[in-house]
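Numbering of the sequence shown is given in this note's numbering, commencing with residue 2 and proceeding in unit increments.
Think of the CB as a built atom: it goes at the ideal place given N, C-alpha and C, for glycine as much as any other residue.
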Amino acid sequence: MQGLFGWIHKISRTFSIVAGVIVLVLIASLNIEVFSRYVLNDPTKWAYDLSTMFGGSIYLLAAAYVYHKGEHVRVDVLYERMSPSRQRKADIIFMVLFFAPLLAFLTYFSFQEGVRSVVLRECSNYGFWKPPLYPFKAMFPFAFGLLLLEGIVQLIERLRRERRSEGDV
């Protein structure tokens, strides 16, 4: 089981590295846009679409790794006041009732939308250059699915810790 968990963590880390590379590409493209717009007085036609797609990609690709590292957003006002045992129990309840069902839903429907987009070779209806959307939409189910897998791993690990802590009592 630990081998499978390690494999999921490695995939999450790899996706986060890809997200880091996309950050660098996004920075370069925005610098080109700023130079073109303010120095050459000739803005690019692609900067807005590209920054939207790259920004979303960064968020999606890094989400599972951020979750694995425990750096995700949570309501710390309440959470930090709880004992470690109550924190684990709150995490387990949240994962079972909200996190897993929501991500299963998002993975399922984004897969359907991703397949539809790839089959149709969907392109944007906005802007002058009408960029392809299907590579971006095809990434959604993988990112949501990986986040779901990472959540399941975290759930199993928390259940194990909870079982161990109950055995210590």
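Here the alpha carbons of F106 and S58 stand approximately 19 angstroms from one another. Assignment of beta-bridge partners to P133 by DSSP yields C124.
Per the Cβ contact rule, the stretch 5 to 22 is in contact with the stretch 60 to 76 (3 or more Cβ pairs under 8 angstroms).
About 15 angstroms separates the beta carbons of E151 and I18, which is beyond the 8 angstroms limit, so they are not a contact pair. In the three-state scheme derived from DSSP, where H, G and I count as helix and E and B as strand, M140 is classed as helix. The alpha-carbon of M140 is positioned some 19 angstroms away from that of L25.
Inclusion of V154 and Y135 in the CB contact set at 8 angstroms is not warranted, their separation being larger than that value. Bounds of the alpha helix (DSSP H) holding D92 are 85 to 95.
Rounded to whole angstroms, M54 and L61 show a C-alpha spacing of 11 angstroms. Taken through DSSP and simplified to helix, strand or coil, M2 comes out as coil.
Residue range 48 to 70 is occupied by the alpha helix (DSSP H) that includes H69. Our two residues, V22 and I94, have alpha carbons roughly 35 angstroms apart in a direct line. Rounded to whole angstroms, Y80 and Q88 show a C-alpha spacing of 6 angstroms. Residue state for H10 is assigned as helix, using DSSP reduced to three classes. E34 is not a Cβ neighbour of K90, given a cutoff of 8 angstroms. For D77, the secondary structure class from DSSP, reduced to helix, strand or coil, is helix.
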